[in-house]
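*Asks:*
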Amino acid sequence: MKTYFITTAIDYTNAPPHIGHAYEKVLADVLARYQRLRGREVFFLTGVDQHGQKVQQAAEKQGISPTAFTEELSKEFLELWKKLSISYDAWASTTKRKHTIIVGKILEKLFQEGWLYKSAYQGYYSVRQEQFLTDKERNEAGEFGPEWGEVLFLEEENWYFRLARCQPWLTSFLEKHPDFLTPAFRQKELKNAIEKMSSDLCISRPKSRLSWGIDIPFDPSFVVYVWFDALINYLSFAEYFNEEEELSFSQRWPCDTHVIGKDILIPAHGIYWPCMLHAMGFSDEQMPRLLVHGHWTLHGEKISKSTGNVLDLMDLVNRYGVSALRYYLMREAIVGRDADFSEERLLLRYHTDLSNGLGNLLNRTLGMVVRYRPEGLSALPLSKECNKLLEDHEELLERYCQEMELSNIHASLEIMMQIVTSTNVFIDQTAPWKIAKDRTQSDRLSSILWTLLQSTRLTATLLLPVVPAAEKIFKQLALQPVALGGEKELFKFPAHYRASEGEPVFPRLIPNS
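Under my numbering, the first residue of the sequence shown is numbered 115, with each subsequent residue one higher.
1) Span of the beta strand (DSSP E) holding Ala-352?
2) Measuring alpha carbon to alpha carbon, tell me which residue in Leu-277, Gln-243, Val-424 is nearest Ala-393.
3) Taking contact to mean 3 or more Cβ pairs, one atom from each stretch, closer than 8 Å, check whether the segment 115 to 122 and the segment 149 to 168 are in contact.
4) Would you decide whether Leu-476 is buried or exposed? Buried here means 16 or more other CB atoms lie within 10 Å of its CB.
5) With Tyr-348 and Cys-369 assumed to form a contact (beta carbons below 8 Å), what rounded beta-carbon distance in angstroms separates them?
6) Evaluate Gln-547 with the Cβ neighbour count: other Cβ atoms within 10 Å of its Cβ, from every protein chain shown; 16 or more gives buried, anything less gives exposed.
7) Considering only the beta carbon of each residue, do Lys-706 and Lys-250 sit closer than 8 Å?
8) Go ahead and pull the three-state DSSP assignment for Lys-416.
9) Are Gly-616 and Gly-481 closer than 8 Å when you measure CB to CB?
10) By alpha-carbon positions, which one of Asp-343, Ser-492, Asp-333, Ile-308 ends up nearest to Gln-164?
11) In terms of residues, what are the limits of the beta strand (DSSP E) holding Trp-271?
12) Hey, would you say Ala-204 sits closer than 8 Å to Ile-374, going by beta carbons?
13) Between the alpha carbons of His-135 and Ala-255, how many angstroms are there, rounded?
14) Exposed or buried, Phe-267, counting other C-beta atoms within 10 Å across all chains shown (16 or more means buried)?
15) Name the residue from Pro-608, Ala-447, Thr-554 whose alpha carbon lies nearest to the alpha carbon of Ser-492.
16) In the DSSP assignment, what residue or residues form a beta bridge with Pro-104?
17) Whole angstroms is fine: what's the gap from Ala-447's alpha carbon to Pro-621's?
18) By Cβ distance below 6 Å, which residues in the same chain neighbour Asp-333 in space, the five residues on each side in sequence not counted?
19) Express the C-alpha separation of Thr-544 and Pro-495 in angstroms, rounding to a whole number.
20) If the criterion is Cβ atoms closer than 8 Å, does the pair Ser-463 and Arg-440 meet it?
21) Assuming Leu-425 and Leu-412 form a contact by the criterion Cβ under 8 Å, report the distance between their Cβ atoms to the nearest whole angstrom.
22) Using DSSP with H/G/I as helix, E/B as strand and the rest coil, what is Gln-120?
23) From Phe-157, Gln-594, Lys-189, pick the residue whose C-alpha is nearest to that of Leu-576; which is it?
24) If you run the structure through DSSP and keep just helix, strand and coil, what is Asn-423?
25) Would DSSP call Ala-129 helix, strand or coil?
26) Between which two residues does the beta strand (DSSP E) holding Trp-547 run?
27) Around the C-beta of Ser-614, are 16 or more other C-beta atoms found within 10 angstroms, so that it is buried, or is it exposed?
28) If you draw a straight line from the C-alpha of Glu-528 to the C-alpha of Arg-242, how long is it?
29) Shortest alpha-carbon distance to Val-337 belongs to which of Glu-264, Phe-225, Ser-318, Ser-350?
30) Can you tell me whether Pro-488 is buried or exposed, with buried defined as 16 or more other CB within 10 angstroms of its CB?
31) Pro-320 and Glu-270 - do their beta-carbons sit closer together than 8 Å?
32) Return the Cβ separation of Leu-591 and Arg-571 in integer angstroms, given the expectation that the two are a contact with Cβ distance under 8 Å.
33) Here's the rule: buried if 16 or more other CB atoms are within 10 angstroms of the residue's CB, otherwise exposed. What is Asp-314?
34) Excluding the 5 residues preceding and the 5 following Ala-382 in the sequence, name in chain order all residues of the same chain whose CB lies nearer than 6 Å to its CB.
35) Just tell me which of Leu-141, Thr-184, Glu-185, Tyr-202 has its CA closest to the CA of Val-156.
36) Measure the alpha-carbon distance for Glu-289 versus Gly-384 and round it to whole angstroms.
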């Protein structure tokens, strides 16, 4: 069985992590945890991109080596992902020897097969974006806008990849495989960019101005362009070696979900990457699938250090906790769309859904089971009203899985909350505290209590990919998560069940504490 392969764009280590990095990692982590709940083998890859001119310049400003600079920033990323419970299986670092070897082998292969050539070029170069610019990048005033940062006029020799040769193939591929890109509304944007493909891709930088990179194996006076180097990480850290250390397809390929931000769809992941894979010999069926998320703003404005409109991620985690932050990011944002960060909304979501919603359901359920069945619950047929509630919940479970397969996390959490709401309504309608006073309704009370346990168990299962701390709920319930990959066993009853006193899993948070 093929491993479910999910990866995020590796983080460029020229600056500390920001809210966009955190959102992307949590999104990928939720999808990975969900697939594991389905019983699938998962390979979740993330990491850091450590080469490039911006990294070299940032290190020079601090008076340290690029190696020391990137290692220190990498620690920040690793520390934050550990705090956020990111369950990656492999960590990519583009300075690793295995990556350097594979980049070199791929370049040799492309060179031998005529995909690479050397040529002189003169033109304008964006230091910030580390790419050459054409007149298409000029604004209406005929200038290169501020988004390009410092722009220099350069004249130099470089190595080029025959990108333009791939245009007919890429156009045809996108038409035949609309599932290459999610959400669908991004496809028009990508198609328009493909239509404008007219030049080849410069894949080298002369060592005379950039030494921090991987050597071109057949011309060591050049290093590899950072994007060409970085994209290959998806192969090199997914075991793109056979036993003889030759290039070979991995059982993990193709990547089922590349989670990337909208800013690196065009041209890097939407054009460069599939064209590189095509030139390497990958078939259309071996192309990855891109999941493109939007950006986060703060107070409706772009998050930027220069304007002071920033978020301290570690401070947010320390003040509100991992559960609150992860839940808010997944509940508030629609994948593919931009979202605005609000601490007030974070607290509202946490208290409404987790503390007052699921947390209250857990406490009510365990409280009644302990009070009314201190000796434990024994197996018995469920009543009609209880079967009806669980059947409704099974339908909601199917809808939840459908939305998760489409990466609609916010919609899945809305469905989860429908189960919480309907179960709390069921408690109010059946009023177990009244039934407990009538000895003739003992079996009905047991049936209701078991149904509440199962509904709480199901809800905690659906929350588990988003909030790993939901594991605490299963310990209190003394039950395992619902098996999403096979028989759901919602109606199975253990021979004897005994509950323990519950403790708050989602305690209330105090703003700005």
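Glycine residues also receive a C-beta, built at the ideal position from the N, C-alpha and C atoms.
Everything numeric in this text was worked out from a predicted model, so none of it was measured.
*Replies:* With the given structure in hand:
1) As a position in the sequence shown, residue 352 is number 238, starting the count at 1. No beta strand (DSSP E) contains Ala-352, which DSSP labels as neither H nor E.
2) Start at 1 with the first residue of the sequence shown, and residue 393 comes out as number 279. Measuring from the Cα of Ala-393, the nearest candidate turns out to be Leu-277.
3) yes
4) Here the question's residue 476 lines up with position 362 in the sequence shown. With 16 or more Cβ atoms within 10 Å of its Cβ, Leu-476 is classed as buried.
5) Residue mapping note: residue 348 aligns to position 234 of the sequence shown, counting from 1. Residue mapping note: residue 369 aligns to position 255 of the sequence shown, counting from 1. Their Cβ separation, rounded to whole angstroms, is 6 Å, which keeps Tyr-348 and Cys-369 in contact under 8 Å.
6) Counted from its first residue, the sequence shown places residue 547 at position 433. Inspection of the sequence shows that residue 547 is occupied by Trp rather than by Gln. With fewer than 16 Cβ atoms within 10 Å of its Cβ, Trp-547 is classed as exposed.
7) This structure gives no information on residue 706, because the portion of the chain shown stretches from 115 to 627.
8) If you number the sequence shown from 1, residue 416 lands on position 302. Residue state, collapsed to three classes: strand.
9) If you number the sequence shown from 1, residue 616 lands on position 502. If you number the sequence shown from 1, residue 481 lands on position 367. For Gly-616 and Gly-481, yes; Cβs fall inside 8 Å.
10) Taking the first residue of the sequence shown as 1, we reach residue 164 at position 50. Checked all of Asp-343, Ser-492, Asp-333, Ile-308; the closest Cα to Gln-164 is Asp-343.
11) Stepping through the sequence shown from its first residue, residue 271 is reached at position 157. Checking the sequence, you will find Glu at residue 271 rather than Trp. 265 to 275 is the span of the beta strand (DSSP E), which, as asked, contains Glu-271.
12) Sequence index remark: in the sequence shown, residue 204 carries index 90 (1-based). Sequence index remark: in the sequence shown, residue 374 carries index 260 (1-based). Not in contact: Ala-204 and Ile-374 (Cβ atoms no closer than 8 Å).
13) In the sequence shown, counting from the first residue as 1, residue 135 sits at position 21. In the sequence shown, counting from the first residue as 1, residue 255 sits at position 141. Answer to the nearest angstrom: the Cα atoms are 34 Å apart.
14) Here residue 267 refers to the residue found at position 153 when the sequence shown is read from its first residue. Exposed, since its Cβ has fewer than 16 Cβ neighbours within 10 Å.
15) Here residue 492 refers to the residue found at position 378 of the sequence shown. Taking only the C-alpha atoms, the option nearest Ser-492 is Pro-608.
16) With the chain represented from 115 up to 627, any question about residue 104 goes unanswered, as that position is not in the structure.
17) Reading the sequence shown from its first residue, position 333 is the one you call residue 447. Reading the sequence shown from its first residue, position 507 is the one you call residue 621. So the alpha carbons of these two residues sit roughly 24 Å apart.
18) Sequence index remark: in the sequence shown, residue 333 carries index 219 (1-based). If we look at Asp-333 and ignore the five residues flanking it on each side, it has no Cβ neighbours.
19) As a position in the sequence shown, residue 495 is number 381, starting the count at 1. As a position in the sequence shown, residue 544 is number 430, starting the count at 1. Cα-Cα distance, rounded: 17 Å.
20) Reading the sequence shown from its first residue, position 349 is the one you call residue 463. Reading the sequence shown from its first residue, position 326 is the one you call residue 440. First, the amino acid is wrong: residue 463 is Arg here, not Ser. In this structure, Arg-440 does not lie closer than 8 Å to Arg-463 by Cβ.
21) Along the sequence shown, read from residue 1 onward, the residue named residue 425 stands at position 311. Along the sequence shown, read from residue 1 onward, the residue named residue 412 stands at position 298. Right, their Cβ atoms sit about 6 Å apart.
22) The sequence position of residue 120 within the sequence shown is 6, counting from 1. One detail in the question is off: residue 120 reads as Ile in this sequence, not Gln. Ile-120 falls in the strand class under three-state DSSP.
23) For this step, residue 576 is matched to residue 462 along the sequence shown. Here the closest residue by C-alpha is Gln-594.
24) For this step, residue 423 is matched to residue 309 along the sequence shown. Three-state DSSP puts Asn-423 in a strand.
25) Here residue 129 corresponds to residue number 15 of the sequence shown, with the count starting at 1. Ala-129: coil per DSSP, three-state reduction.
26) Taking the sequence shown and counting its residues from 1, the one referred to as residue 547 is at position 433. Looking at the DSSP string, Trp-547 is not in any beta strand (DSSP E); the run it does join, the alpha helix (DSSP H), is 546 to 549.
27) Position 500 of the sequence shown, counting from 1, holds the residue named residue 614. By the 10 Å Cβ count, Ser-614 comes out exposed.
28) Walking along the sequence shown from the start, residue 528 turns up at place 414. Walking along the sequence shown from the start, residue 242 turns up at place 128. Near 40 Å, if we compare the C-alpha coordinates of Arg-242 and Glu-528.
29) If you number the sequence shown from 1, residue 337 lands on position 223. Residue Ser-318 is the option with its Cα nearest to Val-337.
30) Locating residue 488 in the sequence shown gives position 374, where the first residue counts as 1. Per the 10 Å Cβ criterion, exposed.
31) Translated into the one-based positions of the sequence shown, residue 270 becomes position 156. Translated into the one-based positions of the sequence shown, residue 320 becomes position 206. Yes.
32) The residue you call residue 591 lines up with position 477 of the sequence shown. The residue you call residue 571 lines up with position 457 of the sequence shown. About 6 Å separates the two Cβ atoms, so the contact holds.
33) For this step, residue 314 is matched to residue 200 along the sequence shown. Counting Cβ neighbours within 10 Å, Asp-314 comes out buried, since at least 16 surround it.
34) The residue you call residue 382 lines up with position 268 of the sequence shown. Correct list, in chain order: Trp-341.
35) Here residue 156 refers to the residue found at position 42 of the sequence shown. The shortest Cα separation from Val-156 among Leu-141, Thr-184, Glu-185, Tyr-202 belongs to Tyr-202.
36) Position 175 of the sequence shown, counting from 1, holds the residue named residue 289. Position 270 of the sequence shown, counting from 1, holds the residue named residue 384. Whole-angstrom Cα-Cα distance: 14 Å.
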